[in-house]
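A.B. asks: Residue numbers (the working numbering), protein chains in the order written: chain Y, 282 to 569; chain E, 9 to 147.
Ideal placement from N, C-alpha and C gives every residue a C-beta, glycine not left out.
For clarity, every value in this text was computed on a predicted model and none was experimentally measured.
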Amino acid sequence: MPSVRQLRGRIRSVRSTARVTRAMQMVAASKMRRAQEQALGARPYAEKLRAVLGNLVAQGAAASDIEHPLLAVRPVRSTLVLEVTPTRGLCGGLPGNLNRATARFIVERETPTAVITIGRKGRDFMARTGQDLKASFDSFGDRPTLADVLPVSRMLASAYTDGEADEVHIAFTRYKNTMEQSPVVMRLLPVEPEAFEAAAGPTDYLYEPDPAGVFAALLPRYIEMQVYDALLEANASEQSARMVAMRKATEAADDMIETLTLDLNKARQNSITAELLDLVGGVAALEG
Amino acid sequence: MPMRLEILTAEGVLFDGDVDSVVAPGSEGELGILPSHAALMTMLQPGELRYRTAEGESYLAVHGGFMEVRSDHVIVLADAAEHVDSIDAERAEEAVRRAEERIAARGADMDIERALASLRRAQVRVRITRRRRQQGHSP
Chain Y
282 MPSVRQLRGR IRSVRSTARV TRAMQMVAAS KMRRAQEQAL GARPYAEKLR
332 AVLGNLVAQG AAASDIEHPL LAVRPVRSTL VLEVTPTRGL CGGLPGNLNR
382 ATARFIVERE TPTAVITIGR KGRDFMARTG QDLKASFDSF GDRPTLADVL
432 PVSRMLASAY TDGEADEVHI AFTRYKNTME QSPVVMRLLP VEPEAFEAAA
482 GPTDYLYEPD PAGVFAALLP RYIEMQVYDA LLEANASEQS ARMVAMRKAT
532 EAADDMIETL TLDLNKARQN SITAELLDLV GGVAALEG
Chain E
9 MPMRLEILTA EGVLFDGDVD SVVAPGSEGE LGILPSHAAL MTMLQPGELR
59 YRTAEGESYL AVHGGFMEVR SDHVIVLADA AEHVDSIDAE RAEEAVRRAE
109 ERIAARGADM DIERALASLR RAQVRVRITR RRRQQGHSP
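#1: Identify whether phenylalanine 23 of chain E lies in helix, strand or coil by the three-state DSSP scheme.
#2: Taking 8 Å as the cut-off, decide whether the C-beta atoms of glycine 422 of chain Y and glutamate 19 of chain E are in contact.
#3: Take every Cβ of the region 445–463 of chain Y, pair it with every Cβ of the region 19–38 of chain E, and state whether three or more of those distances are shorter than 8 Å.
#4: For the alpha helix (DSSP H) holding phenylalanine 406 of chain Y, just list the boundary residues, first then last.
#5: Can you name the residues of chain Y whose CB is closer than 8 Å to the CB of serine 35 of chain E?
#6: Considering only residues of the region 468–550 of chain Y, which uninterrupted alpha helix (DSSP H) runs meet the minimum length of 4 residues and lie entirely inside it, listed in chain order?
#7: Return the residues of the region 428–459 of chain Y that lie within a Cβ-Cβ distance of less than 7 Å from chain E, sorted by chain order.
#8: Locate the beta strand (DSSP E) running through glutamate 90 of chain E, then write down its first and last residues.
#9: Where leucine 8 of chain E and proline 325 of chain Y are concerned, what is the direct C-alpha to C-alpha distance, given to the nearest angstrom?
#10: Is the Cβ-Cβ distance between threonine 302 of chain Y and threonine 542 of chain Y less than 8 Å?
#11: Please classify serine 345 of chain Y as buried or exposed, where buried requires at least 16 neighbouring CB atoms within 10 angstroms.
#12: Can you pull the chain E residues whose beta carbon is under 7 Å from the beta carbon of proline 425 of chain Y, in chain order?
#13: Nearest CA to the CA of proline 490 of chain Y: which residue from E:Arg12, E:Gly34, E:Leu13?
#14: With burial defined as no fewer than 16 other Cβ atoms inside 10 Å of the residue's Cβ, what is the status of serine 294 of chain Y: buried or exposed?
#15: How big is the Cα-Cα spacing for lysine 457 of chain Y and leucine 42 of chain E?
#16: When Cβ atoms are compared, which residues of the region 54–83 of chain E fall closer than 8 Å to chain Y?
#17: If we count the other Cβ atoms within 10 Å of its Cβ and call it buried at 16 or more, is valine 70 of chain E buried or exposed?
#18: Within 8 Å of any Cβ in chain Y, is that where the Cβ of leucine 85 of chain E sits?
#19: Mind checking if lysine 329 of chain Y is an interface residue toward chain E, Cβ cutoff 8 Å exclusive?
#20: Check phenylalanine 421 of chain Y in the structure and name its three-state DSSP category.
#21: Using 8 Å as the Cβ pair cut-off and three pairs as the minimum, do the region 306–318 of chain Y and the region 512–531 of chain Y touch?
#22: For the structure I just gave you, are there three or more beta carbon pairs, one from the region 59–69 of chain E and one from the region 85–95 of chain E, closer than 8 Å?
#23: Assuming leucine 399 of chain Y and leucine 361 of chain Y make a contact with CB atoms under 8 Å, what is their CB distance in whole Å?
#24: Which residues, in chain order, does the region 491–502 of chain Y contribute to contact with chain E at a C-beta distance below 9 Å?
#25: How about phenylalanine 477 of chain Y and leucine 334 of chain Y: do their beta carbons lie closer than 8 Å?
#26: Just how far apart, CA to CA, sit tyrosine 503 of chain Y and proline 10 of chain E?
#27: Quick check: the Cα distance between alanine 565 of chain Y and leucine 557 of chain Y, rounded to an integer number of angstroms?
#28: Answer yes or no: do glutamate 495 of chain Y and leucine 352 of chain Y have a C-beta to C-beta separation smaller than 8 Å?
#29: If you reduce the DSSP assignment to three classes, tell me which class threonine 383 of chain Y lands in.
#30: Kindly list, in the order they appear in chain E, the residues whose Cβ is closer than 7 Å to that of glycine 322 of chain Y.
#31: What's the gap between the Cα of alanine 332 of chain Y and the Cα of aspartate 535 of chain Y?
#32: Identify which residue in Y:Gln287, Y:Val357, Y:Met313, Y:Leu487 has its Cα closest to the Cα of leucine 468 of chain Y.
#33: Along the alpha helix (DSSP H) that carries isoleucine 111 of chain E, what are the first and last residues, could you check?
#34: Where do the ends of the beta strand (DSSP E) carrying leucine 361 of chain Y lie?
#35: What number of angstroms, rounded off, separates the C-alpha of glycine 72 of chain E from the C-alpha of lysine 529 of chain Y?
#36: To the nearest angstrom, how far is the alpha carbon of serine 94 of chain E from that of aspartate 429 of chain Y?
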């Protein structure tokens, strides 16, 4: 049985750990709210963009004219994956799950697969497991802007158009709710024109400069938006995973403080009893 | 008869409401939109977008993007946009100077396209803040 002093020391240290994890939980909770707002803020733009592209495709403005390099489907000889991971830890199983899912995806491809990562967790994992790591970006912080994403999406688009990769996928953690986030790998390029839902409405548009020009200018935006969206979702997932992990840690620390306090009281009582016995024994000896 | 104008950027909704007219910097030149305009899709170049509501005229700096006009609904998808009131005129002029210096003293490894783009952005900002001052809008 540890001594009273030892127990006091342990309680103190667990209590200070709990203070830290509780603070981190609060911080993650507020960052999560902001990340969710940001993800929601991006939605109207993304939806409109898809609808406009949908109109263009539906009109067949399209049909024959649409021969954009980003739409070209080629036989797949090499694959590129963008993995969006956190940089900081203490967010439970999230980075591990994502890395595993990405690794499984890479293994299942029969073609050589290169990786580009955002965030340190992915970079370290890919370097450690000896993947073909083509580039790695630092995390863009808690409030990524669309401008931050441009270099990444350009790199992906040019890798595709230059024929370096015949398909591009993006791996990130999809945000379902606070308790549930799951890793996904989805295809970014070539773009499937079917992905754009056409909105109902008038379709006889005037185009400036011309339909193909508009389409060609909007398609890269779409790619940017997809990458940006993935980044925002990954962010919201990371913050909620961290919040949950920290809440569990705080609860575990509180439990531990409780059992330690119980032990402490027992130990204290034991020592009092022992002292009393000594005293009583001493008195009895004197009187005897 | 008013029409509805939505100005969206990837960061969020900048404006959504009824307006009487819109003037936008189209890729083929400035164009004005009044209610019942023919359906139109156009790219935007960096420039000034203004719209008139019952309360008066408002200005925005738009840095490229796209506009869709349907009979009484105008949707602007801007790469980036900001209200003139949120632009700091001095900082914008400072940015123009800096960008010009950078382009003048360009090194071999410099990304000239990016520098030019940031110069254009700064120029748009300056231009529209000047116009606002001429018209005597309070900042």
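C.D. replies: Quick look at the numbers:
#1: Numbered from its first residue, the second sequence carries residue 23 of chain E at position 15. Strand at phenylalanine 23 of chain E.
#2: The count along the first sequence starts at 1 and reaches residue 422 of chain Y at position 141. The count along the second sequence starts at 1 and reaches residue 19 of chain E at position 11. Contact flag unset, no.
#3: Flag = no, the region 445–463 of chain Y and the region 19–38 of chain E do not touch.
#4: As a first step, residue 406 of chain Y is located in the first sequence; it is residue number 125 there, counting from the start. Where phenylalanine 406 of chain Y is concerned, the enclosing alpha helix (DSSP H) stretches over 401–409.
#5: The residue given as residue 35 of chain E occupies position 27 in the second sequence. Contacts between serine 35 of chain E and chain Y, judged by CB atoms closer than 8 Å, involve Glu489, Pro490 in chain order.
#6: The qualifying runs do not exist here; there are none.
#7: Taking 7 Å as the Cβ-Cβ cut-off against chain E, none of the residues of the region 428–459 of chain Y qualify.
#8: Taking the second sequence and counting its residues from 1, the one referred to as residue 90 of chain E is at position 82. DSSP places glutamate 90 of chain E inside the beta strand (DSSP E), whose first and last residues are 89–91.
#9: For residue 8 of chain E there is no data in the structure shown, the boundaries of chain E being 9 and 147.
#10: Residue numbering aside, residue 302 of chain Y sits at position 21 when the first sequence is read from its first letter. Residue numbering aside, residue 542 of chain Y sits at position 261 when the first sequence is read from its first letter. Cβ distance not < 8 Å, so threonine 302 of chain Y and threonine 542 of chain Y don't count as in contact.
#11: To locate residue 345 of chain Y, count along the first sequence from 1; it is residue 64. With a pLDDT of 48 at serine 345 of chain Y, under the threshold of 50, the modelled position of that residue is not reliable, and no figure is offered here.
#12: Numbered from 1 along the first sequence, position 144 holds the residue referred to as residue 425 of chain Y. Simply none; closest approach about 10 Å.
#13: Within the first sequence, numbered from 1, the residue matching residue 490 of chain Y stands at position 209. E:Gly34 is the residue among E:Arg12, E:Gly34, E:Leu13 whose C-alpha sits nearest the C-alpha of proline 490 of chain Y.
#14: On the first sequence, position 13 is the one that residue 294 of chain Y refers to. A residue is called buried once 16 or more other Cβ atoms fall within 10 Å of its Cβ, and serine 294 of chain Y, having fewer, is exposed.
#15: By one-based count along the first sequence, residue 457 of chain Y stands at place 176. By one-based count along the second sequence, residue 42 of chain E stands at place 34. Each residue's alpha carbon lies about 42 Å from the other.
#16: Answer set for the region 54–83 of chain E: Phe74, Glu76, Arg78, Ser79, Ile83.
#17: The residue given as residue 70 of chain E occupies position 62 in the second sequence. Its Cβ being crowded by 16 or more others within 10 Å, valine 70 of chain E is buried.
#18: In the second sequence, the residue the question calls residue 85 of chain E occupies position 77. Interface residue, yes.
#19: One-based indexing of the first sequence puts residue 329 of chain Y at position 48. Taking Cβ atoms only, chain E reaches closer than 8 Å to lysine 329 of chain Y, which makes this a yes.
#20: Sequence index remark: in the first sequence, residue 421 of chain Y carries index 140 (1-based). It is coil, neither helix nor strand.
#21: A contact exists between the region 306–318 of chain Y and the region 512–531 of chain Y.
#22: Taking 8 Å as the limit for Cβ pairs, the verdict is that the region 85–95 of chain E does touch the region 59–69 of chain E.
#23: Position 118 of the first sequence holds residue 399 of chain Y. Position 80 of the first sequence holds residue 361 of chain Y. Checking the sequence shown, residue 399 of chain Y turns out to be isoleucine, not leucine. So it is not a contact: roughly 14 Å between Cβ atoms.
#24: Result list: Pro492, Gly494, Val495, Ala498, Leu499, Arg502.
#25: Residue mapping note: residue 477 of chain Y aligns to position 196 of the first sequence, counting from 1. Residue mapping note: residue 334 of chain Y aligns to position 53 of the first sequence, counting from 1. Between phenylalanine 477 of chain Y and leucine 334 of chain Y, the C-beta gap is smaller than 8 Å, which places the two residues in contact.
#26: For the purposes of this step, residue 503 of chain Y is identified with residue 222 of the first sequence, where counting begins at 1. For the purposes of this step, residue 10 of chain E is identified with residue 2 of the second sequence, where counting begins at 1. The straight-line gap from Cα to Cα measures roughly 31 Å.
#27: Here residue 565 of chain Y refers to the residue found at position 284 of the first sequence. Here residue 557 of chain Y refers to the residue found at position 276 of the first sequence. Cα-Cα distance, rounded: 12 Å.
#28: Residue numbering aside, residue 495 of chain Y sits at position 214 when the first sequence is read from its first letter. Residue numbering aside, residue 352 of chain Y sits at position 71 when the first sequence is read from its first letter. It should be pointed out that residue 495 of chain Y corresponds to valine in this sequence rather than to glutamate. Taking 8 Å as the Cβ cut-off, valine 495 of chain Y and leucine 352 of chain Y do not qualify as a contacting pair.
#29: Translated into positions along the first sequence, residue 383 of chain Y becomes position 102. The three-state secondary structure of threonine 383 of chain Y, taken from DSSP, is helix.
#30: On the first sequence, position 41 is the one that residue 322 of chain Y refers to. Think of a sphere of 7 Å around the beta carbon of glycine 322 of chain Y: the chain E residues whose beta carbon falls inside it are Glu19, Gly20, in chain order.
#31: Translated into the one-based positions of the first sequence, residue 332 of chain Y becomes position 51. Translated into the one-based positions of the first sequence, residue 535 of chain Y becomes position 254. In a straight line, the C-alpha of alanine 332 of chain Y is about 51 Å away from that of aspartate 535 of chain Y.
#32: The residue you call residue 468 of chain Y lines up with position 187 of the first sequence. Reading off the sequence, residue 468 of chain Y comes out as arginine, not leucine. Closest by alpha carbon: Y:Val357.
#33: To locate residue 111 of chain E, count along the second sequence from 1; it is residue 103. That run of the alpha helix (DSSP H) goes 97–112.
#34: Within the first sequence, numbered from 1, the residue matching residue 361 of chain Y stands at position 80. Per DSSP, the continuous beta strand (DSSP E) segment holding leucine 361 of chain Y begins and ends at 360–365.
#35: Position 64 of the second sequence, counted from the first residue, corresponds to residue 72 of chain E. Position 248 of the first sequence, counted from the first residue, corresponds to residue 529 of chain Y. Taking the straight line from one Cα to the other gives about 47 Å.
#36: Here residue 94 of chain E refers to the residue found at position 86 when the second sequence is read from its first residue. Here residue 429 of chain Y refers to the residue found at position 148 when the first sequence is read from its first residue. Looking at the two C-alpha atoms, the distance is approximately 21 Å.
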